[in-house]
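In our numbering, the protein residues as written are 1 to 227.
One structure is given here, and the rest of the page talks about it.
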Amino acid sequence: MLGTSPLSRLFGKNPFSLLKQHMRVSLACAEELPDLFKALEAGDQAKVAELKDSIFKLEADADLLHREVRQNLPRTFMLPVNRRDLLDLLEMQDKIADVTQDIVGLLFERQMALPEGIKDHIHPYVEDCLNVVRHGASIIEEMDELLETGFSGPEADKVSAMIDELNTIEDQSDESGIAISSALFKFEDQMNPVSVIFWHRLIEWIGDTADYAEAVGNRLRLMISAR
Numbered sequence: 001m002l003g004t005s006p007l008s009r010l011f012g013k014n015p016f017s018l019l020k021q022h023m024r025v026s027l028a029c030a031e032e033l034p035d036l037f038k039a040l041e042a043g044d045q046a047k048v049a050e051l052k053d054s055i056f057k058l059e060a061d062a063d064l065l066h067r068e069v070r071q072n073l074p075r076t077f078m079l080p081v082n083r084r085d086l087l088d089l090l091e092m093q094d095k096i097a098d099v100t101q102d103i104v105g106l107l108f109e110r111q112m113a114l115p116e117g118i119k120d121h122i123h124p125y126v127e128d129c130l131n132v133v134r135h136g137a138s139i140i141e142e143m144d145e146l147l148e149t150g151f152s153g154p155e156a157d158k159v160s161a162m163i164d165e166l167n168t169i170e171d172q173s174d175e176s177g178i179a180i181s182s183a184l185f186k187f188e189d190q191m192n193p194v195s196v197i198f199w200h201r202l203i204e205w206i207g208d209t210a211d212y213a214e215a216v217g218n219r220l221r222l223m224i225s226a227r
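Shown next, in the form of structure tokens:
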């Protein structure tokens with residue numbers, strides 16, 4: 001078990017377990033997005049403010065874990081994977097929390113309203129992107145097993161298949177992103193030009209949560225293939 005491994009004995013905290021905790025917090029940030037956009041549609045600014053506080057707290061927790069992972073990564077030959085690759089994976093996880101904070105921060109500060117033309121698209125789009133993050137998080141939950149097997153063998157094959165599925169799910173979120181961007185484009189002449197710019201930015205940021213989750217999986221695939 002990990003508790004008796006050389007890595008665990010030599011270092012006070014297992015960096016791979018911390019990596020899993022970090023992804024859980026990043027996922028928790030993204031999990032707030034459906035309620036955020038429901039509150040926005042309802043014009044419930046008090047709820048938006050409440051969710052802003054929750055997401056900012058979670059993002060701060062993610063930052064603490066981010067630093068802790070970096071501090072607990074050994075600089076010796078004992079890591080079973082490339083240290084730089086592991087740090088890159090950590091950065092992609094952290095960006096999920098960061099961009100979620102950006103989304104709620106913009107919505108809160110500008111007290112934005114949901115445009116009529118994208119109301120039918122926003123919730124499916126958010127859910128599609130969130131499903132990518134959820135699947136990415138489920139892959140990171142396999143980290144202990146990958147560590148035990150040296151990032152090879154049947155467990156590595158299982159994770160590689162999960163990453164293939166992640167790529168497929170992310171493709172669906174791309175399709176949803178195209179649909180909502182098209183809907184916004186058709187509605188632009190009824191909107192304030194500044195609002196149009198910000199909504200295109202928000203749509204991009206929502207999609208970034210899925211892109212970063214896919215990047216987590218792809219970085220892990222590289223780590224497996226290098227073994």
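We put the beta carbon where it would ideally sit given N, CA and C, even for glycine.
A quick note: this is a predicted structure, and the numbers were derived from the prediction, not measured.
Legend entry - Coil, strand or helix - Asn72 by DSSP: Of the three classes helix, strand and coil, the one that applies to Asn72 here is coil, per DSSP.
Legend entry - Supposed contact pair Gln21 and Leu89 - C-beta distance, whole angstroms, cut 8 Å: Going by Cβ atoms, the distance from Leu89 to Gln21 rounds to 14 Å, so no, they are not a contact pair.
Legend entry - Endpoints, alpha helix (DSSP H) assigned at Pro15: Counting along the chain, the alpha helix (DSSP H) containing Pro15 begins and ends at 15-31.
Inset, instruction - For my contact list, Glu68 and Leu27 are in at a C-beta cut-off of 8 Å; report their separation, rounded to the angstrom. - result: About 17 Å; that fails the 8 Å criterion.
Inset, instruction - Run the CB neighbour count on Ile178, radius 10 Å, all protein chains shown included, and call it buried at 16 or more, exposed below. - result: It counts as exposed.
Legend entry - Counted within 10 angstroms of its Cβ, other Cβ atoms place Ala210 as buried (16 or more) or exposed: A residue is called buried when at least 16 other Cβ atoms come within 10 angstroms of its Cβ; Ala210 meets this threshold and is buried.
Legend entry - Any alpha helix (DSSP H) of 4 or more consecutive residues that is wholly inside the stretch 93-130: For the alpha helix (DSSP H) assignment, the stretch 93-130 encloses no uninterrupted run of at least 4 residues.
Inset, instruction - In angstroms with no decimal places, state the Cα-to-Cα distance between Ala62 and Ala97. - result: Per the coordinates, the alpha-carbon of Ala62 lies some 7 Å from the alpha-carbon of Ala97.
Inset, instruction - For Ile180, I'd like the list of residues in its chain whose CB is within less than 8 Å of its CB, leaving aside the five on either flank, ordered along the chain. - result: The beta carbon of Ile180 sits closer than 8 Å to those of Ile118, His121, Ile122, Tyr125, Ile203, all from its chain and outside the five residues before and after it, given in chain order.
Inset, instruction - Counting only the same chain and skipping the five closest in sequence on each side, list residues whose C-beta sits under 7 Å from that of Gly205. - result: The question names Gly, but residue 205 in the sequence shown is Trp. Once the five neighbours on either side are set aside, the close Cβ partners of Trp205 are Val99, Asp102, Ile103.
Inset, instruction - To the nearest angstrom, report how far apart Leu114 and His135 are at their CA atoms. - result: If I take the Cα positions, the gap works out to 28 Å.
Legend entry - Distance CB(Ser182)-CB(Asp128) smaller than 8 Å: Between Ser182 and Asp128, the C-beta spacing is not below 8 Å.
Legend entry - For Ala30 and Lys158, the rounded distance between their alpha carbons: Counting only the Cα atoms, Ala30 lies some 25 Å from Lys158.
Inset, instruction - Would you decide whether Pro15 is buried or exposed? Buried here means 16 or more other CB atoms lie within 10 Å of its CB. - result: Burial call: buried.
Legend entry - Inter-residue spacing [alpha-carbon to alpha-carbon] between Arg70 and Asp94: In a straight line, the C-alpha of Arg70 is about 12 Å away from that of Asp94.
Legend entry - Cβ shell of Trp199 (< 7 Å), same chain only, five flanking positions each side left out: For Trp199, where only same-chain residues beyond five positions count, the Cβ hits under 7 Å are Pro115, Leu184.
Legend entry - Backbone CA spacing between Gly12 and Asn72 [nearest angstrom]: At Gly12, the pLDDT of 47 sits below 50, so the modelled position is not reliable; the number obtained from the coordinates is stated separately. C-alpha separation (whole angstroms): 8 Å.
Inset, instruction - With distances taken Cα to Cα, identify the nearest neighbour of Leu107 among Glu41, Leu166, Glu142, Leu86. - result: Closest option to Leu107, Cα to Cα, is Glu41.
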